[in-house]
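Structure, as structure tokens:
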Amino acid sequence: MLLLNTFIFLSIFLLRSLPSLARGFDFEEDLFPNYPFNEKVLDGIEVSLIFPRGNETYAPTAYFPIVMAVRNPEITFPLGLRLGAKVSHRDSFNSDLFYFPNDSSTTGSFPPTSPYYFAINGTDLINRFTGSFTVKWRFRVHNICRDLGEHCPIIEQHYSSQTFSVDFSISPDAPLPNIEEAVNRCSNSTAWLKPFGIQESTNCPLIKNFSSPLPPMPDPCLVKPFAKDLAANVSKTILGLLDCPDGAWQTIKEPCRKKSSASRGKSGFKVVWLLLAAVISVWAVL
1 MLLLNTFIFL SIFLLRSLPS LARGFDFEED LFPNYPFNEK VLDGIEVSLI FPRGNETYAP
61 TAYFPIVMAV RNPEITFPLG LRLGAKVSHR DSFNSDLFYF PNDSSTTGSF PPTSPYYFAI
121 NGTDLINRFT GSFTVKWRFR VHNICRDLGE HCPIIEQHYS SQTFSVDFSI SPDAPLPNIE
181 EAVNRCSNST AWLKPFGIQE STNCPLIKNF SSPLPPMPDP CLVKPFAKDL AANVSKTILG
241 LLDCPDGAWQ TIKEPCRKKS SASRGKSGFK VVWLLLAAVI SVWAVL
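Mind the numbering: the sequence shown is residues 1 to 286 in UniProt numbering, read in order.
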């Protein structure tokens, strides 16, 4: 009897799990019913690569920061955001790949109420090579509704941005990376998604069909008030990757405690909330 009950339980579990197993990592399970209406969603979703900047040359560092910013995380997180970035050395096959969150999206997470969310990480790829590098990045919003046009149903579907590319160089004679200066000069790689309305039955943000791209309307300079605090948090992140208690991360040549080769560049984005008057940092990997 115990064996029979176990078999019945496992059968029910597998039947309920099959749709999720079939979807794998497509994340369609994040699509939501009755999302609470927030009129701020009509202001749009804005994601920027803050650092590195395109077409600039930097001196090599033991760990080189990759910094992304999300505007209005309070409305973006419930929609199921996921960031991705890949840093590649153009003269070799070496690269580092980062995601935030590492294995899903921000659906179900507690949304920060600060005006910006910053994801920070570092790669040691820059310290192992010189020459030309490329950062390719994109974002995905998992819970969005798409209007396919007249006489077609509105469907719930994820939205994936195009892949954006930023080229930069590393040279021993170049200036050291300066995060505060980069922020004050505004991002030169920003993506924008602006819903045109809200579906009445579910409060789902509506975007147009693939054939109707939305005009870009970003304002990457809005991040400038956070320049000094963001630079301090980047310093804390990189020093943490270096296992160094203090110092200027730009001039530290190697980790204070040697890391294994398997752990290099695999730490995942760090979580940073910046408020207007204070900095709240959570350094655990999601």
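By construction, the Cβ of each residue, glycine as well, lies at the ideal position given by its N, Cα and C atoms.
Are at least three pairs of beta-carbons, each pair with one atom in the region 245-254 and one in the region 50-70, less than 8 Å apart?
yes
Ends of the alpha helix (DSSP H) at residue 235?
For the purposes of this step, residue 235 is taken as the residue at position 235 of the sequence shown. Looking at the DSSP string, the run of the alpha helix (DSSP H) that includes residue 235 is 227-242.
If you draw a straight line from the alpha carbon of residue 143 to that of residue 172, how long is it in whole angstroms?
Here residue 143 is taken as the residue at index 143 of the sequence shown, counted from 1. Here residue 172 is taken as the residue at index 172 of the sequence shown, counted from 1. Cα to Cα, the separation comes out at about 45 Å.
Distance check for residue 96 and residue 123, CA to CA, integer angstroms please.
One-based indexing of the sequence shown puts residue 123 at position 123. One-based indexing of the sequence shown puts residue 96 at position 96. If you take the alpha carbons of residue 123 and residue 96, they lie about 7 Å apart.
When you compare only the Cα positions, how much space is there between residue 176 and residue 100?
Reading the sequence shown from its first residue, position 176 is the one you call residue 176. Reading the sequence shown from its first residue, position 100 is the one you call residue 100. Using only the alpha carbons, I get a separation of about 27 Å.
Does the structure place the region 224-235 close enough to the region 164-171 that three or more beta carbon pairs sit under 8 Å?
no
Identify which residue in 75, 193, 197 has its Cα closest to the Cα of residue 114.
Counting from one through the sequence shown, the residue named residue 114 turns up at place 114. Nearest of 75, 193, 197 to residue 114, Cα basis: 75.
For the putative contact between residue 66 and residue 187, defined by C-beta atoms under 8 Å, what is the C-beta separation to the nearest angstrom?
Position 66 of the sequence shown, counted from the first residue, corresponds to residue 66. Position 187 of the sequence shown, counted from the first residue, corresponds to residue 187. Contact doesn't hold; Cβ gap of about 13 Å is too wide.
State yes or no: is the C-beta of residue 207 within less than 8 Å of the C-beta of residue 146?
For the purposes of this step, residue 207 is identified with residue 207 of the sequence shown, where counting begins at 1. For the purposes of this step, residue 146 is identified with residue 146 of the sequence shown, where counting begins at 1. In this structure, residue 146 lies closer than 8 Å to residue 207 by Cβ.
Helix, strand or coil for residue 206, going by three-state DSSP, please let me know.
The residue given as residue 206 occupies position 206 in the sequence shown. The answer is strand: DSSP assigns residue 206 an E or B state.
Give the single residue among 93, 68, 88, 94 whose Cα lies nearest to the Cα of residue 82.
Taking the sequence shown and counting its residues from 1, one reaches residue 82 at position 82. The option with the nearest alpha carbon to residue 82 is 68.
When DSSP builds the beta bridges, which residues end up paired with residue 46?
On the sequence shown, position 46 is the one that residue 46 refers to. Residue 46 pairs with 71, 192.
For residue 138 versus residue 164, is the C-beta distance shorter than 8 Å?
For the purposes of this step, residue 138 is identified with residue 138 of the sequence shown, where counting begins at 1. For the purposes of this step, residue 164 is identified with residue 164 of the sequence shown, where counting begins at 1. Yes, the pair counts as a contact, with Cβ atoms nearer than the cut-off.
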